[in-house]
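Its first residue numbered 4, the sequence shown is counted upward by one per residue in our numbering.
Down below is the structure, laid out as structure tokens.
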Amino acid sequence: MKKNLLTGAHAAREYVHFFRDPIGCMRELQQKYGSLVALGPIAFGEPTKLHVLAIGPEFNRQVLGDPAKFRTTGQFIHGPNNSAQRRIRFGLTRMNGPQHKQQRQLILPPFHKKAVAGYHDLTVELAKEAIGQWKPGARDVYADMRAVTLRIASAVLFGHEATDAYRIGHLLEIWARRNFSGPVWFFPVNIPGTPYHRLLKHAELVEQEILRLIEKRRRDSSDRTDVLSILIQARDDENRGMTDMELVGQATILFGASFETTASTLTWTMFLLAQHPTIMRELMDELDRVLGGDAPTREQLPRLSFLDRVIKESMRILPPVPFTIRAADEDQIPMGSLTLSHGARVICSHFLTHHLAEIYSEPERFRPDRWREVDPTQYEYMPFSAGPRACVGAMFAIQVLKISLAIMLQKFRFEVVRGAQIDRVVRITMNPRYGMPMVLHENDRRYESSKVRGQIHEMVNLPD
Ligand code: HEM
């Protein structure tokens with residue numbers, strides 16, 4: 004038995020650890036066994052395949068750069084055959100091969116540079132509206148960020164003026180959350196009253212609502228700029244459009260991929276800034292100089308270079324998607340000292356890659372100005388993943404992040420509640436387990452960090 008292949012009770016223990024705290028588990032495995040560790044199948048039930056943790060840019064390139072050998076398996080609960088659950092989760096992140104290529108080609112245009120610039124004014128309007136409702140005092144800023152991104156994602160994806168857009172966004176938020184509840188995973192029994200049954204019923208509702216909206220948009224699609232309307236009109240090289248079921252799957256996945264990730268990035272960035280007063284002051288100087296209290300215009304956004312470095316560094320040190328799983332699609336794939344058989348799962352970690360000291364000196368330090376010095380490859384820095392399946396919404400996400408942060412930071416001073424417990428929880432995205440308790444003050448510029456407790460200290464060196 005190879006030293007880096009764990010089996011039996013040892014493997015079972017690591018699977019449990021991974022389920023509870025994937026980042027803690029991956030870090031421990033890396034420290035004990037190095038950059039390649041395999042967990043064997045366990046005797047009863049899942050998981051039945053070898054699971055390999057492969058850390059670093061070379062493995063990232065091998066796995067993420069070669070979708071023909073490593074396919075995706077999707078993140079949401081499968082659901083029974085012919086169920087709405089199965090249909091609505093079947094979007095781009097679940098597709099492979101020619102189907103993925105064809106659908107990705109159809110999805111890309113509304114996320115190209117020019118189209119993204121077209122969402123600027125709407126994003127400013129919605130961010131101002133949501134943030135305008137905040138009052139000074141103690142708040143859960145993670146809940147606030149979710150509310151902001153829910154508004155923006157619903158409007159851009161499904162249409163601004165329509166109340167059904169926001170309702171669908173809200174239903175999808177509930178659906179995504181239910182996919183990650185423990186009882187749904189461990190007791191997938193479809194009888195009335197069980198959480199699994201509730202998930203399946205909810206998926207039916209989501210499907211009906213999106214189908215209704217598609218029908219409405221098909222009847223009147225004139226001059227509409229929401230992503231769904233653009234996708235309804237889209238045609239590939241052979242003049243094929245999307246079927247209604249494809250549209251439902253893509254709408255669901257686009258929402259799922261955009262809303263939580265952006266909320267998580269906003270929350271962690273706000274936390275890091277609040278805990279680094281010197282960096283916060285430097286950022287405020289830039290915002291004052293370029294924006295003078297207003298929301299950024301399209302032309303001003305590229306001039307916010309320090310904000311750009313802050314976001315880059317925040318997504319390096321606390322990447323919202325901390326790992327990605329792929330399945331080997333061939334037999335006999337060599338990987339370091341291992342040979343993978345068909346179906347073996349490989350975990351590539353964005354988080355561990357971003358914390359490799361050979362790429363980023365003092366990796367646990369939040370230091371936006373490192374981005375003046377480093378120029379990593381796409382497999383060394385991959386908050387939006389890398390290779391042919393990299394995030395389609397990266398440019399749009401960055402625009403939302405810049406606009407929202409510029410508005411929030413000019414209006415309020417954010418202070419983390421003293422003594423707060425800041426732990427992580429991963430449900431595809433990494434979020435603060437108990438929310439992000441902060442106090443909002445009128446912006447008097449008296450920035451001060453707060454002592455906090457919890458797992459955050461394993462990930463970031465916070466100044467005293
Ligand atoms: C800060 C925000 C975001 C982050 C950190 C992020 C991150 C990622 C990552 C890591 C992946 C690869 C997942 C994997 O391979 O398993 C991905 C894929 C994807 N993202 Fe994003 N994303 C963000 C925002 C968005 C937005 C706003 C949209 C669209 C509205 C979007 C749409 C997608 C889609 C459709 C894919 C699948 C691409 C494919 O499989 O070809 N994402 N994203």
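Cβ atoms here follow ideal geometry from the backbone N, Cα and C, with glycine treated the same way.
All figures in this text were calculated on a predicted structure; none of them were measured in a lab.
query, result
"Assigned exposure category for Ser225 - 16 Cβ within 10 Å defines buried", "exposed"
"Inter-residue CB distance, Met273 and Val144 (contact presumed, cutoff 8 Å)", "6 Å"
"Local conformation of His13 per DSSP, three classes", "helix"
"Val230 vs Leu174 beta-carbon contact at 8 Å", "no"
"Secondary structure of Pro186, DSSP reduced to three states", "helix"
"Closer than 7 Å: Ile256 CB and nearest the ligand HEM heavy atom", "yes"
"7 Å CB neighbourhood of Leu129 in its chain, flanking five on each side removed", "Arg154, Ile155 and Ala158"
"Coarse secondary structure for Phe114, derived from DSSP in three states", "helix"
"Thr96 beta carbon less than 8 Å from that of Thr75", "yes"
"Nonlocal neighbours in the same chain, by C-beta distance under 6 Å from Glu31, ignoring five residues either side", "none"
"Beta-carbon proximity list for Trp374, same chain, < 7 Å, skipping 5 on both sides", "Arg312, Lys315 and Glu316"
"As assigned by DSSP and simplified to three states, the class of Thr197", "coil"
"Cβ contact check for the segment 378-397 and the segment 248-255: 3 or more pairs under 8 Å", "no"
"Enclosing alpha helix (DSSP H) for Met433 [first to last residue]", "From DSSP, Met433 is part of no alpha helix (DSSP H) but of the beta strand (DSSP E) over Thr432 to Pro435."
"Distance between Met462 and Phe161 (C-alpha atoms, nearest Å)", "36 Å"
"Per-residue DSSP class, three states only, for Ile58", "coil"
"Backbone CA spacing between Arg180 and Arg416 [nearest angstrom]", "30 Å"
"Heavy atom of the ligand HEM within 7 Å of Pro112 beta-carbon", "no"
"Which residues DSSP lists as bridging His444, in chain order", "Arg416"
"Length of the line joining the Cα atoms of Ile26 and Thr342", "25 Å"
"Asp143, DSSP secondary structure in three states", "strand"
"DSSP three-state assignment for Thr264, whether helix, strand or coil", "helix"
"Validate contact between the segment 446-463 and the segment 281-295 using beta carbons, cut 8 Å, 3 pairs", "yes"
"The ligand HEM heavy atom lying under 7 Å from the CB of Pro60", "no"
"Alpha helix (DSSP H) segment containing Met29, residue limits", "Pro25 to Tyr36"
"CB of Phe354 within 8 Å of CB of Pro325, strictly", "yes"
"Chain-order list of residues whose beta-carbon lies under 8 Å from that of Met4 (same chain, five-residue window excluded)", "The pLDDT assigned to Met4 is 42, lower than 50, so where the model puts this residue is not dependable, and the model offers no usable value."
"Selection from Glu263, Gln402, Glu132 and Arg238 that minimises the alpha carbon distance to Gln106", "Arg238"
"Separation of Pro101 from Gln136, as counted between CA atoms", "46 Å"
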